[in-house]
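Notes for the one structure printed next.
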């Protein structure tokens, strides 16, 4: 039995209890039914397939509202708009609500609930024009050490609050900045306390006139080779429109961001939501995959139409 099946079984056991508790007042004479692990997994599969049937995957030219950018989605990928993406993130994978999601990209050979599936969560951050002058002078080994030290300090607080600690194992992919395209990518390998397997935190930032596209891969470490193989294709899909490109910056009228390339990588831009909130989102199926099923079971199963 793999880790995903075990987690699904454990949490769906809670779900089956919730379903019984909710219906007891109407069926006082019924005995509670003990579901097997296979039945629990089947119940979850039916739930997510029902949600999937209500979605509208898109391909071709996609306008990212409010970002001044577009996507060109080829036949071997598909795009889910913000509404469908939130169903995936919140209802299928059980992550906290996030109003900032513009949409998600998936390889066409995966549905969001496939065990090996990975996706790219897309958002736009408008906090000013990011100066890239520091890109060529960053020592990424030193930056990694600084991030690991900061994480150790944060872990002390997490232990006091009974949250699991997080270890930054290292770079899964060392940061790379393309000065011509003004795009940055890097990947971190994270290890969560009491969790089997490491988590992949793979990030793309495409810089624009007064902000940047934030594209975060949500995947397990086992997907790293496939993501690296398809990275150039994902990078090529997005572009800013006329007037919103990096070169369109006007220093006389436009706002500058309070950080540079190093700040983007170190996560200073995430101060509002916290690095760990984002990291927990990236756990995807490893911790939270079935929690949405529990929540749905306590209300009305298959409530999406």
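Residue numbers (our numbering): 1 to 305.
We treat Cβ as the ideally placed atom computed from N, Cα and C, and that holds for glycine.
Given that a residue counts as buried once 16 or more other Cβ atoms are within 10 Å of its Cβ, and exposed if not, what is residue 179?
-> The residue is exposed, with fewer than 16 neighbouring Cβ atoms inside 10 Å.
Using the beta-carbon count (16 or more within 10 Å), is residue 236 buried or exposed?
-> With fewer than 16 Cβ atoms within 10 Å of its Cβ, residue 236 is classed as exposed.
State buried or exposed for residue 228, treating a residue as buried only when at least 16 other CB atoms are found within 10 Å of its CB.
-> It is exposed - the Cβ of residue 228 has fewer than 16 other Cβ atoms within 10 Å.
For residue 224, which option in 171, 83, 35 has the closest C-alpha, if you only look at C-alpha atoms?
-> Taking the Cα of residue 224 as reference, the smallest distance to any Cα among 171, 83, 35 is reached at 171.
Would you call the stretch 51-61 and the stretch 199-219 touching, i.e. three or more CB-CB distances under 8 Å?
-> The stretch 51-61 is not in contact with the stretch 199-219.
Residue 129, DSSP secondary structure in three states = Taken through DSSP and simplified to helix, strand or coil, residue 129 comes out as strand.
Residue 167 - partner residues in DSSP beta bridges = Paired residue(s): 191.
Between which two residues does the beta strand (DSSP E) harbouring residue 48 extend?
-> No beta strand (DSSP E) contains residue 48, which is instead part of the alpha helix (DSSP H) from 37-53.
N-terminal and C-terminal residue of the alpha helix (DSSP H) that residue 261 is part of = For residue 261, the enclosing alpha helix (DSSP H) has its first and last residue at 261-266.
Hey, could you find the ends of the alpha helix (DSSP H) residue 393 is sitting in?
-> No answer is possible for residue 393: it lies beyond the span of the chain, which begins at 1 and ends at 305.
Nearest-angstrom Cα separation, counted from residue 41 out to residue 247 = When rounded, the distance between both Cα atoms is 51 Å.
So what does DSSP say about residue 228, is it helix, strand or coil?
-> The DSSP-derived three-state label of residue 228 is helix.
On the three-state DSSP scale, how would you describe residue 196?
-> Coil at residue 196, not helix or strand.
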